[in-house]
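> Quick one: structure below, then a few questions.
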DNA sequence: ATTTTATTGTCTATAAAGTAGACAATAAAA
DNA sequence: TTTTATTGTCTACTTTATAGACAATAAAAT
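Chains as they are written, first to last, in the working numbering: chain A, 3 to 240; chain B, 3 to 240.
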């Protein structure tokens with residue numbers, strides 16, 4: 003099974019996913035560091051099998067990297083300027099050093115073309131994910147979106163536009179709950195919103211607004227041991 | 003210059019554009035009827051030259067079909083289920099009847115693969131457009147969006163999703179003016195909004211809202227000859 | 001010349017939604 | 001028992017949205 007064969011995969015077309023997680027009041031993105039070249043960082047991505055739909059392909063990539071199969075996943079934009087080539091990988095292939103690629107010749111041919119990438123973004127409960135490495139990854143880690151390294155090609159821009167899409171959709175489509183554990187306090191929900199919009203919200207009005215949406219189910223109180231009134235736990239009602 | 007050569011054009015990838023125009027209180031879409039087969043209707047589309055960015059390619063297609071070069075054009079979604087093939091064209095090619103294709107063999111090979119299409123939508127002043135035919139068009143016409151024929155592949159769905167995108171963006175991005183002539187009355191603007199949302203608006207409040215946006219420049223009155231108060235003309239201030 | 005008709009521009013009143021300030025309730029430490 | 005930090009909610013105020021009303025007016029009808 004050759005990854006770089008146009009008979010099996012669609013050439014010049016890739017899928018890249020911005021996988022969002024939330025931890026310590028910060029949005030994080032799953033980033034892979036490749037196990038060749040020097041400090042080549044990329045978004046989790048892959049190619050489209052000839053017999054897979056694009057949503058299906060994106061979901062498979064997500065399963066491979068996160069181990070999860072029930073995931074919020076949405077296409078947001080396709081990126082395709084004329085000069086969009088994976089030069090860092092080509093450079094490595096040119097250097098005649100061994101790489102983990104099965105067929106170097108096919109890889110060179112494959113990557114020497116310009117690529118168009120369909121961008122997806124995903125929202126996951128960061129605690130449920132065990133980042134999985136593929137053959138080409140040295141490591142796969144959650145990095146805070148505020149301090150990402152320089153990514154390959156236009157991947158930094160892809161993250162930025164995914165974030166803009168998330169901001170547009172968070173309120174309207176009520177998708178923020180995908181980033182939280184099953185139960186959470188109102189404060190935790192607010193802190194998530196503040197992380198996404200990078201902006202403070204008034205506590206009283208935030209609570210009023212959220213409760214008015216009638217999508218939250220109030221559960222028992224959460225006694226944390228802190229010297230103050232215990233907050234209620236909530237669950238997303240679906 | 004072969005249209006169906008992967009050296010020159012990206013294989014398995016196409017661009018299709020939903021070109022919106024506005025006339026007689028109705029949204030219209032530019033639809034081409036192909037000059038082979040029977041009643042094959044499609045969105046204006048094309049392929050991506052190896053040396054063109056996707057936005058560039060979409061713009062070129064638009065220029066070819068409308069004659070306009072300054073156009074509101076935006077990508078909205080990419081369509082790519084696994085079984086997305088252009089069967090109607092393949093059927094015609096199979097029939098061994100003459101078609102306007104330059105190289106039938108190359109065409110068969112080209113179209114026998116599954117295609118992924120990047121969807122764009124455009125807003126134009128319908129009066130400025132002279133629909134242009136290509137070699138493959140029998141006719142290119144403005145059809146009311148409410149009464150489109152059955153289009154090829156998933157093009158009807160592409161129109162529907164383009165309309166949903168237009169509805170989401172009309173207010174926020176103030177792009178409706180691209181569908182109107184240089185000057186227009188408040189009633190004409192309101193009728194456009196009503197056509198897009200398929201919904202009536204209150205005249206007094208619509209005017210108040212539009213004026214509060216401070217993007218309209220009030221010009222002289224328009225004397226139509228009608229037996230009533232003459233409305234002001236407005237221009238979009240940019 | 002005056003009245004009539006259809007439409008326009010804008011005003012006011014009311015309703016709904018968003019924002020800001022206040023305070024009692026409370027879990028655990030002091 | 002008091003203190004502290006936080007939570008849940010109330011009220012007042014501001015802004016925005018919705019609904020009803022009416023004078024102004026261009027041209028036809030009288």
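Cβ atoms here follow ideal geometry from the backbone N, Cα and C, with glycine treated the same way. Quick caveat: nothing in here was measured; it's all calculated off a predicted structure.
1. Cutting at 7 Å between CB atoms, please list the residues of its own chain near residue 164/B, excluding the five before and the five after it.
2. Hey, quick one: how far does the beta strand (DSSP E) through residue 208/B stretch, first residue to last?
3. Examine chain A for any beta-carbon lying closer than 9 Å to the beta-carbon of residue 224/B, and answer yes or no.
4. Which same chain residues, not among the five before or five after residue 157/A, have their C-beta less than 7 Å away from its C-beta?
5. Report the residues of the stretch 44-59 of chain B with a CB closer than 9 Å to any CB of chain A, ordered along the chain.
6. What residues from chain A crowd round residue 80/B, counting only those whose CB sits closer than 8 Å?
7. DSSP puts residue 79/A in a beta bridge; with which residues?
8. Note the first and the last residue of the continuous alpha helix (DSSP H) segment covering residue 190/B.
9. Quick one: give me the first and last residue of the alpha helix (DSSP H) that residue 107/B is part of.
10. Tell me which residues share the same chain as residue 217/A and place their Cβ nearer than 7 Å to its Cβ, disregarding the 5 neighbours each side in the sequence.
11. In angstroms with no decimal places, state the Cα-to-Cα distance between residue 235/A and residue 198/A.
12. Please look up how many angstroms separate the CB atoms of residue 5/B and residue 146/B, rounded, as I've assumed it's under 8 Å.
13. Helix, strand or coil for residue 27/A? Go by DSSP, reduced to three states.
14. If we count the other Cβ atoms within 10 Å of its Cβ and call it buried at 16 or more, is residue 229/A buried or exposed?
15. How about residue 12/A: is its C-beta nearer than 9 Å to some C-beta of chain B?
16. Whose CA, out of 14/B, 26/B, 30/B and 9/B, lies closest to the CA of residue 143/B?
17. Where does residue 146/A sit, in a helix, a strand or coil, going by DSSP?
18. Give every residue of the same chain whose Cβ lies closer than 6 Å to the Cβ of residue 112/B, excluding the five residues on either side of it in the sequence, and list them in chain order.
19. Do you know offhand how far residue 81/A's Cα is from residue 118/A's?
20. Give, in chain order, every residue of the stretch 117-151 of chain B whose Cβ lies closer than 7 Å to some Cβ of chain A.
21. State the Cα-Cα distance for the pair residue 42/B and residue 129/B, rounded to the nearest angstrom.
22. Could you pull the DSSP bridge partners for residue 36/B from this structure?
23. Under 9 Å between beta-carbons, which chain A residues line up against residue 29/B? List them in chain order, please.
24. Measure the C-alpha to C-alpha separation of residue 86/A and residue 55/B and round it to an integer number of angstroms.
25. Mind listing which residues of the stretch 82-100 of chain A have their C-beta closer than 9 Å to chain B's C-betas, in chain order?
26. So if DSSP puts residue 44/B in a beta bridge, which residue, or which two residues, is it bridged to?
27. Look up residue 153/B in the DSSP assignment and give the residues it is bridged to.
28. Taking the beta strand (DSSP E) that residue 61/B falls in, what are its first and last residues?
29. Does any C-beta atom of chain B lie closer than 9 Å to the C-beta of residue 15/A?
30. I need the straight-line Cα distance from residue 195/A to residue 132/A, nearest angstrom please.
31. Taking only three categories from DSSP, how would you classify residue 95/A?
32. If you draw a straight line from the C-alpha of residue 182/A to the C-alpha of residue 136/A, how long is it?
33. What residues are listed by DSSP as bridge partners for residue 74/A?
A quick look at the data gives this:
1. 20, 78, 121 and 123
2. From DSSP, residue 208/B is part of no beta strand (DSSP E) but of the alpha helix (DSSP H) over 205-214.
3. no
4. 18, 44 and 45
5. 50, 51, 52, 53, 54, 55, 56, 57, 58 and 59
6. 56, 77, 80 and 120
7. 121/A
8. 188-199
9. 106-113
10. 176, 238 and 239
11. 21 Å
12. At roughly 31 Å, the Cβ-Cβ gap does not stay under 8 Å, so residue 5/B and residue 146/B are not in contact.
13. Of the three classes helix, strand and coil, the one that applies to residue 27/A here is coil, per DSSP.
14. exposed
15. yes
16. 30/B
17. strand
18. 6
19. 6 Å
20. 118 and 120
21. 26 Å
22. 139/B
23. Below the 9 Å Cβ cutoff, chain A contributes no neighbours of residue 29/B, its closest Cβ being approximately 23 Å away.
24. 9 Å
25. Cβ contacts with chain B: 82, 83, 84, 85 and 86.
26. DSSP output for residue 44/B lists 34/B as bridge partner(s).
27. 43/B
28. No beta strand (DSSP E) holds residue 61/B; the alpha helix (DSSP H) holding it covers 56-68.
29. yes
30. For residue 195/A and residue 132/A, the distance between alpha carbons rounds to 24 Å.
31. helix
32. 26 Å
33. 125/A
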